[in-house]
Structures are given as structure tokens and as C-alpha cells.
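Chemist: To start, I am sharing the structure in question, which I have written as C-alpha cells.
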Amino acid sequence: MAYSSSTFPLLSKPLIEEEVIDVAAPLRLEIKTKLGGGAEIFKNFTFRLLNSLLVNEKNFVFCPLTTLTSTACLIAASEGQTRYELTTALFDIDLQSNDEEYALIKLIRKCFKSAVHDKEGWMKAPSFLYVSERYPPLKKFKALANKYFGVSVIKTEFDQKAVIAMNERIRKESDDCIDAVIKQVGDGINMLLIDTTFFCGLWKYGFYQIKPSIFTNFNDTRSEIDFLQGFGKFRMGFNEKFQCHVIELPYNSEDTRMIILLPQQGFQVFVDTTANFVNQELMDLISASNLRHKHVEIWLPKFRSEFVISLKTFFRNFGIQNIFDSVHANFSRIVNDAENQKSHYGLFLGDIIAKTVFEVSENGFRISAPDDLVDSITENTMDMFRCNRPFMFFVVTDVGGKDMIVFHGVVKLL
Numbered sequence: 001m002a003y004s005s006s007t008f009p010l011l012s013k014p015l016i017e018e019e020v021i022d023v024a025a026p027l028r029l030e031i032k033t034k035l036g037g038g039a040e041i042f043k044n045f046t047f048r049l050l051n052s053l054l055v056n057e058k059n060f061v062f063c064p065l066t067t068l069t070s071t072a073c074l075i076a077a078s079e080g081q082t083r084y085e086l087t088t089a090l091f092d093i094d095l096q097s098n099d100e101e102y103a104l105i106k107l108i109r110k111c112f113k114s115a116v117h118d119k120e121g122w123m124k125a126p127s128f129l130y131v132s133e134r135y136p137p138l139k140k141f142k143a144l145a146n147k148y149f150g151v152s153v154i155k156t157e158f159d160q161k162a163v164i165a166m167n168e169r170i171r172k173e174s175d176d177c178i179d180a181v182i183k184q185v186g187d188g189i190n191m192l193l194i195d196t197t198f199f200c201g202l203w204k205y206g207f208y209q210i211k212p213s214i215f216t217n218f219n220d221t222r223s224e225i226d227f228l229q230g231f232g233k234f235r236m237g238f239n240e241k242f243q244c245h246v247i248e249l250p251y252n253s254e255d256t257r258m259i260i261l262l263p264q265q266g267f268q269v270f271v272d273t274t275a276n277f278v279n280q281e282l283m284d285l286i287s288a289s290n291l292r293h294k295h296v297e298i299w300l301p302k303f304r305s306e307f308v309i310s311l312k313t314f315f316r317n318f319g320i321q322n323i324f325d326s327v328h329a330n331f332s333r334i335v336n337d338a339e340n341q342k343s344h345y346g347l348f349l350g351d352i353i354a355k356t357v358f359e360v361s362e363n364g365f366r367i368s369a370p371d372d373l374v375d376s377i378t379e380n381t382m383d384m385f386r387c388n389r390p391f392m393f394f395v396v397t398d399v400g401g402k403d404m405i406v407f408h409g410v411v412k413l414l
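Going by UniProt numbering, the sequence shown wraps up at 414, each residue one higher than the last.
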């Protein structure tokens, strides 16, 4: 049952007045179980979005970690039914005390920090919450959003000048890795959340050379593109249920790797088979425990994928309505103060825009070349992984002993 601030008075106490510290009181067993080590609470959103994108998009890449972290900022900004919808839909958690809210926020922050802490220089993830100048955000909320969620809260007038300023800020804070995201803003918008993520991982074993070769697209057209050629010992396997080859390519980052799923019978057959992915089925599919080390010659397309999406429709289908409703949205923690308890009336979220830029290049900590292989390996005993047709990929990292998907994507057209 949905709660309100009056039902649970503790939740009306502004989080921004408190330092997010170790939980002072015992949590309910249900909350402890759901929070677990952290990675589990991201799965529901990750798989629902993946299944949606598989049906509707050609090429895509997305970072669920960035969007869920910035959206958690909205939890800290909201009250009552607005917050209830966010926490139950995204994390299947009904918060009933400040302690439980603190625990959730701490865990989200821990997951985000764990995923990005050793990727400085090749992962950028600036997020921005733009708020109309009619609703000036409290300084304490701005500080909280930046410290715990990596979200910059910025006052603006939603006009064409603001669009130019938004894109320039994104370009600057991503070190020129991400260009224009916003083309225009709709009438009546007074709050907008923008997530941006750039990733170009440094391989643990870089590729030996670049060669042109043919990639067969989903529509049977053929493109000549640059392929990265490498040699080495990689975890590899074949999944009978989903009829796809699987290979794991480690990055030069603790417990972070790229998993590639290369369908055997054509990508649409694969999509039809995976249309209703069960969470555990996919985690088993990309688990290293189901792969074996093999000596492999690998051919991987060199590519840059840029993907922009409005998440408003997806969030609504997910059961999140109030944040987009000018009458029912309750973002009282952003603007309210002791003197004016109604200053948030009319403040609602216009949209959530996410842009992800993902690059695959030859750069690696160490080059893996044929001479690196032991003398006993010959062409007859070396497996070939030639990624020359549509494929799905994931970037996975370890958080608290569990795999967490940082990126998922599909390449069907090059």
C-alpha cells in the first residue's frame, strides 16, 4: 500500500538535513535481504530495459548504472506517493524509515563508486538535473545530489539559450567525449534529468593489429570496416539453449570485462529466443563459471556507438507516473524551506534523457600477439572467434562478490 509523509512521519524529515552515515537502527529483514550486496537491486531495471530495447532498436548501448544512480537522486528529492512509485518500481523496496532510505542511498553510491573507481580516463559519467529558475533548489539539496549521486543541480530558463548551455556543459564535463544531447525543450518543462556516459575501456590484452574485413549487417547488407585482430587465452564457450558463442575479454581494471554473445543462427532468431529473458538465465549466460579458457584468435569490429533515448515512456510503463505529473509530483525536498512549505507546487519532471557513447579500440595494457603463445599451440588447436555479424555485448564488473551489468548493447549495423 502506498504511503504518505503523514503515514510515516519520519519520512517527512528532509534527508538533506542529515549526513548519510552508517544506519543507526536495525533494518527490517525484508530490506536487508533485498539490499543484499548491492548488485541485485539493479537487475530488475536492467533486464526490463534490455528487453524493451531489443524489440525496438537496431544499434543501442546503455548504462543502467548511471541512470539508476541519478534517478535515486529523485528519491532523495521526493516525498509520499512520488517516492513510493520510484522505490517500488525501480528497486522493489517500500521505504518505511529514514534508516532504510539511508541504507538504500549508501548502497547505490557504493555500487556506482565500485564500478567507476578504477576507470578514470576511460569512463565519464556526468549527470545533470536542470530546474526552472521559478523553483530555486536548496543549496543543501544541490550538495547532497552532487556528493552522493554525482548529479549537478542547475537553475535554468528552459529556452534555446539553455539548450546551447546544456550541450556545452556536457561537452566540457565529459572532456569533449560527448557532444550534443539536447536539440530543444518542450513547452511547460520546469525540470529535466540528463544522464551522459562515455566508455572506451583499456584492454588487459590489447589487439595485435587492425585489418579491414567484412561485417554482415542484420539486413544482409555488407560493410567493409576495420577489425581488431588479437591472440590470447580467453574464456570462451557455446550456449546450447540460446545457440550463441560467448567470449569474455578482460579490461585492465579490477574484475571488469566485456562479454560478447554471437548468435549462431542469425540475430533475429536470437532476439526471439531471448525476448523474455529471465534475470538468472541471462546472468548464467554471461557468467565466467560457464566458460573455459581456450587459445583464441579473435576478430572484433572497431566501432563507436552513440545512443540517445528519452526514458519517459519506459518509466511510465514501469509504473512510475507521479514524477511526470504537474499536479501530483511531490519534489518538496528540492525547494521547500521552513518559511514556505508549498514552494514545490507545480514542480514536475519533464523527461529523463540518457546518452551513451561506447567505443571499442585496440588500446591495451599489453599487446597480445602470436609470439606470446606457447610453442605447442598451432593453427589446428586454436579456436577462432570472428565477430563479423550482429552481436550483443555487456560490460560486467564485480560488486560485493556479485556480477553487475554496467553496460549492455547490441550492434546490428556497421
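Even glycine gets a Cβ: it sits at the ideal position worked out from N, Cα and C. Source: prediction; values computed, not measured.
1) Could you work out which residue in Leu86, Asn56 and Asp92 is closest to tyrosine 35 when comparing CA atoms only?
2) Could you say which of Thr71, Phe393, Phe324 and Ile41 lies nearest to threonine 196 if we only look at CA atoms?
3) Restricting to Cα atoms, I'd like to know which of Asp351, Asn317 and Met382 is closest to asparagine 51.
4) Using the beta-carbon count (16 or more within 10 Å), is serine 114 buried or exposed?
5) Sort out for me which residues DSSP pairs arginine 171 with in a bridge.
6) How long is the line joining the alpha carbons of glycine 401 and alanine 39, rounded to whole angstroms?
7) Sort out for me which residues DSSP pairs glycine 409 with in a bridge.
8) With distances taken from CA atoms, which of Leu349, Leu300, Asn44 and Glu240 is nearest leucine 311?
9) According to DSSP, which residues form a beta bridge with glutamate 306?
10) Counting C-beta neighbours from all protein chains within 10 Å, is the total for histidine 293 16 or more, i.e. buried, or is it exposed?
11) Assign glycine 188 to buried or exposed, taking buried as 16 or more other Cβ atoms, counted over all protein chains shown, within 10 Å of its Cβ.
12) Using DSSP's beta-bridge definition, name the partner residues of residue 417.
13) Between residue 440 and phenylalanine 45, how many whole angstroms is the CB-CB distance? I'm expecting something under 8 Å.
14) Only counting the same chain, and skipping five residues up and downstream in sequence, which positions put a Cβ closer than 6 Å to that of residue 446?
15) Just grab the DSSP bridge partners of glutamate 297 for me.
16) With a Cβ-Cβ cutoff of 8 Å, do cysteine 177 and valine 357 count as a contact?
17) Among Phe112, Ser287, Ala76 and Ala89, whose alpha-carbon lies nearest the alpha-carbon of serine 97?
18) Closest to tyrosine 345 by CA distance: which of Glu79, Leu49, Gln265 and Ile41 is it?
19) Give the straight-line distance between the Cα atoms of valine 131 and lysine 355, rounded to the nearest whole angstrom.
20) So for phenylalanine 215, helix, strand or coil by DSSP?
21) Per DSSP, glutamate 133 forms a beta bridge with which residues?
22) So leucine 311 is in the beta strand (DSSP E); what residue range does that whole segment cover?
23) Assign leucine 413 to one of two classes, buried (16 or more other C-beta atoms within 10 Å of its C-beta) or exposed (fewer than that).
24) Quick one: using the 10 Å Cβ neighbour count with 16 as the cut-off for buried, is glycine 150 buried or exposed?
25) Short of 6 Å in beta carbon distance, which residues of its chain neighbour phenylalanine 307, apart from the five on each side in sequence? Order them along the chain.
26) Quick one: what's leucine 282 bridged to in DSSP?
27) Entirely within the segment 63 to 101 and at least 4 residues each: give me those alpha helix (DSSP H) ranges in chain order.
28) Taking DSSP as the reference, what is the three-state secondary structure of tyrosine 148?
29) Would you mind giving the Cβ-Cβ distance between residue 419 and isoleucine 182, rounded to the nearest angstrom? I have them listed as a contact below 8 Å.
30) Is glycine 237 closer than 8 Å to asparagine 290 when the C-beta atoms are compared?
31) Helix, strand or coil: how does DSSP classify asparagine 239 here?
32) Just the C-alpha distance for lysine 265 and phenylalanine 215, rounded to the nearest angstrom, thanks.
33) Could you pull out every residue in the same chain whose Cβ sits closer than 7 Å to the Cβ of aspartate 325, ignoring the five residues on either side in sequence?
34) Report, in whole angstroms, the separation of the C-beta atoms of isoleucine 247 and phenylalanine 234, which I expect to be a contact under 8 Å.
35) In whole angstroms, what separates the C-alpha of methionine 384 from that of isoleucine 41?
Modeler: By the coordinates alone:
1) The identity of residue 35 in the sequence shown is leucine, whereas the question assumes tyrosine. Leucine 35 has its Cα closest to that of Asp92, out of Leu86, Asn56 and Asp92.
2) Thr71
3) Asn317
4) buried
5) None, per the DSSP bridge assignment.
6) 9 Å
7) Val61 and Phe393
8) Leu349
9) Glutamate 306 pairs with Val357.
10) exposed
11) exposed
12) Residue 417 lies beyond the stretch modelled for the chain, which goes from 1 to 414, so this question has no answer here.
13) Given that the chain is displayed from residue 1 to residue 414, the structure contains no residue 440 and the question cannot be resolved.
14) No information on residue 446 is available, as it lies outside the stretch 1 to 414 that the chain covers here.
15) Phe231 and Met384
16) yes
17) Ala76
18) Glu79
19) 19 Å
20) When DSSP states are grouped into helix, strand and coil, phenylalanine 215 belongs to the strand group.
21) Paired residues: none, contrary to the question.
22) Taken as a continuous stretch (DSSP letters only), leucine 311 belongs to no beta strand (DSSP E), as it is neither H nor E.
23) exposed
24) buried
25) Phe60, Val61 and Thr356
26) Answer is none; leucine 282 lacks a bridge partner.
27) 64 to 77 and 80 to 91
28) helix
29) A query on residue 419 cannot be resolved here, the shown segment of the chain reaching from 1 to 414 and no further.
30) yes
31) In the structure shown, asparagine 239 sits in a strand (DSSP, three-state: E or B).
32) It is glutamine, not lysine, that sits at residue 265 in the sequence shown. Roughly 16 Å between the two C-alpha positions.
33) The residues are Phe348.
34) The C-beta distance from isoleucine 247 to phenylalanine 234 rounds to 6 Å, short enough to fall under 8 Å.
35) 37 Å
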